[in-house]
Amino acid sequence: MAPALAWLAALMVVPCALVLALAFFRRGIYGGIEYTFTLENFGLVFDPLYAGIFLNSARIAGTATLIAVVIGYAAAYAISAAPRRLQPIFLFFAVLPFWSNYLIRTYAWIVLLNREGLITQLLRWFGYTGEPPSMLYTEGAVIAGLVYNYLPFVILACYAPLSRLNPELAEASRDLGASAITTFRRVILPLTVPGIAAGAVFVFVLSIGNFVTPALLGGGRFQMIGNLVYDQFLTANDWPFGAALAMALIAIMLLVLTAQALAANRASGHTAQAGGDTDG
Amino acid sequence: MAERSPATRRALWIVLSLVFAFLYIPIAVLVALSFNEGGLPTAWSGFSLKWYVSLAGNSAILSAALNTLIVALVSTAIATLLGTLLAIGIEIRRQYGKGLEALIFAPMIIPDIVLAIALLSFFSMLNLTMGLHTIILAHVVFNLAFVCSVVRARLKSFDWSIVEASADLGASALTTFRRVTLPVIAPAVIAGALLAFTLSVDEFIIAFFTAGAGRASTTLPMQIYAMIRFGITPEINALATIVMAVSITALTLSQRLNRGVIGQ
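The listed protein sequences correspond, in order, to chains P and L. Using my numbering, the letters of the first sequence map in sequence onto residues 1 to 280. Using my numbering, the letters of the second sequence map in sequence onto residues 1001 to 1264.
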C-alpha cells in the first residue's frame, strides 16, 4: 500500500501542486520562470482574447454534448426496448469502438470527411459534379469528432437508468390516459435525468479540455482551452500562464461536476417522490 | 417494458441501425482502405496487403512500436504490482478516509493535459533527462488507479475469513497471499493488467509531454499523430487497423476475465 501511495504522492500530488504554484509566478524574460509572486496570469485568463477562447471552447463542447446526449439517449432507449437477451450484445457493440485508440478514431473522420473521402464520393455517385464540399477543418468536423469519440459513454450512462425503469410506471401512466409522449415527458424522462446528466458532464468535461480533436479535425484553426495550454507549454514557453489556464480548466470542471452533484441530489428527491406515488 | 405498436418498434430499430452505422462506418472505411491496392487513400482499386508489407519495412514505425511495447510492459508490471497491493491494503483497513479515495480516483478524473503538463514541469524542475523512463513513471500513475479499482471490485466479494483460517493453520502472511488470496483475485489482477497494458499502448497526451526531445523515445501514438498531421497515407490505415485489432482483443479478453468492471 505504501509504495503505491508514495508513487501517487510523488508523481501526481507534487506535480499538480507544482503547476498550481507555477501559476502564481512571473514569466522570465527569456521564457523561464521568475520567482516573484503575481496574480497577473489569472488576470490574463480573463483578457478578452483568452476569455473568447474559453467561450468558444464552451460553445463547441456544449454543442457536442447536446448532440451526443440526443443521439446517445435515443440509442440507449432503443437498446433498453430491445429483447432482453439482445441488450448486452448491443451494449457491447456500442462500446467496442471506444476501445480503440483515440487518435485512430479521430483519424477515421479525416478519411471520411476529406475532399476525396467517402462523403464526397457518395455525393458524386448521386450525380453531384461541383467542387467537393469542404467538411474537414471546420467547426462541424471538430464537433463530429467529439460526438463520435464520447458517444459510447452517453449510451452507457443513459442505458443504466433506462434498463432499471419499472415498466409498471409507464403502464400506469397510460392506464391513466396519458399519451405515449406525455408518458415519456412526465414519467420516463425525469426518472432517467441522472443518467443523462452523468453522460453529459462526461462529454462536456472531456471535450472542453481536448486538444487533439481541434488540432486534427479543425486543422489548428479552432483553438480550444486544451490547445492554448499546449501552446503555452510547448510553443510560447510561458509556463506560468499555461499553468493558470490549466487551473481555470480544472475550476470549470469542478464547477460542472458540482452542478451535476446538486442536480443528482434533486433528481433522487424526484425518484423518491415517484416511488412514494406508486406506493400510494 | 409496455407493449409497443409495430410502428414504434420499427422506429426503434431504425434508430439503433443509424447509431451503429454512425459508430462503425468510419472504422470500416479505414480498415477497408488499409487493404487498398492504390496509392490514393480514398479510391478503391483492388485488394492488396502491400501497405502492411511496407509497414514492416518502416524503421521509424518499428522503433516506435518497440518503444511502446517497452513502456507498456514495464509500466503495466509496476502498476499491477503496486495497484494490487494498494487494493488489498485498502480492503483490509476499511477505515480509510475520503481523502485516500479521492487520491486514487484523481488520476482517472484529472484531464490528461493537466497531468501531462504537471509531469513535464516536475521532471524539468528536477532536471531529469526525459525519455522512455519518464514516460514509464508517468504511465504508472494512471495505470495504478485502473488496476486498483479493478482488483478492489473483485475483493468486495472476497471472504476474509479464509485468510484468517490460513493464518490459524500456521501459514505465514506471504504463504497465505500466494496460496489463498492471489488465486482468488488472479482473474481480476490479469484483467487489470490487460487494461493497464492497453491504456498504456494507446496513451498519447501524457507520453507526448513526458518523452522529451528526439526520436529515441517516440511511441506509436506519437508516431501516428505525426503521420496524421503530415497527411493521409495508406500506411496509416494499415497501422491503425493493427493497433485497433490489438487493443480490442486485449480489452475484450480483460472484460471476459472480469465481467462487469469496465463499462459495465
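Note that beta-carbon positions come from the ideal geometry of N, C-alpha and C, so glycine has one too. These numbers come from a predicted model, not from an experiment.
Answer with buried or exposed for L1257(L), where buried requires no fewer than 16 other C-beta atoms within 10 angstroms of its C-beta. buried
Once DSSP output is grouped into helix, strand and coil, what is the label at R26(P)? strand
Option nearest T1009(L) by Cα separation, candidates Y102(P), A74(P) and Q260(P): Sequence check: residue 1009(L) is Arg here, not Thr. Out of Y102(P), A74(P) and Q260(P), A74(P) has the C-alpha closest to the C-alpha of R1009(L).
Quick one, are the C-beta atoms of Y102(P) and D1202(L) less than 8 Å apart? yes
Would the beta-carbon of M247(P) fall within 8 Å of that of L20(P)? yes
By a C-beta neighbour count over all protein chains shown, 10 Å radius and 16 as the cutoff for buried, is D175(P) buried or exposed? exposed
Looking at chain P, which residues of the region 1062-1083 of chain L have a Cβ within less than 7 Å of any of its Cβ atoms? L1082 and G1083
Give me the Cα-Cα distance between I1197(L) and T1076(L), rounded to the nearest whole angstrom. A quick correction: the sequence has Phe, not Ile, at residue 1197(L). In a straight line, the C-alpha of F1197(L) is about 6 Å away from that of T1076(L).
Residues, ordered as in the chain, of the region 192-212 of chain P that lie near chain L by beta-carbon distance below 9 Å: V205, L206, I208, G209, N210, F211 and V212
Can you give me, in chain order, the residues of the region 1216-1238 of chain L that have a beta carbon less than 8 Å from any beta carbon in chain P? P1221, I1224, Y1225, I1228, R1229, I1232, I1236 and N1237
Would you call S1005(L) buried or exposed, if buried means 16 or more other Cβ atoms sit within 10 Å of its Cβ? exposed
Sufficient close CB pairs (3 or more, under 8 Å) joining the region 235-244 of chain P to the region 119-135 of chain P: no
How should S1059(L) be labelled, buried or exposed, when 16 other C-beta atoms within 10 angstroms of its C-beta is the threshold for buried? exposed
Residue nearest to S1161(L) in terms of C-alpha spacing, selected from T1129(L), I1092(L) and F1142(L): I1092(L)
Euclidean distance between Cα positions of E171(P) and A180(P): 10 Å
In its own chain, which residues sit with a C-beta less than 6 Å from the C-beta of M1244(L), not counting the 5 before and 5 after it? none
Find the residues of chain P that neighbour V1243(L), judging by a C-beta separation of less than 8 Å, and give them in chain order. S100, N101 and I104
Going by the CB atoms, is the gap between M253(P) and P1026(L) shorter than 8 Å? no
Am I right that A1238(L) and S1034(L) are in contact with their C-beta atoms under 8 Å? What's the rounded C-beta distance? 4 Å
Along the region 1107-1120 of chain L, where does the CB come closer than 9 Å to a CB of chain P? Name the residues. P1107, I1109, I1110, P1111, D1112, I1113, V1114, L1115, A1116, I1117, A1118, L1119 and L1120
Hey, which unbroken runs of the alpha helix (DSSP H) at 4 residues or more fall wholly within the region 1160-1235 of chain L? 1161-1168, 1173-1176, 1182-1202, 1205-1210 and 1220-1230
Could you give the DSSP three-state label for F1158(L): helix, strand or coil? coil
Using the beta-carbon of each residue, which ones in chain P are nearer than 8 Å to P1026(L)? R105, A108, W109, V111, L112 and Y148
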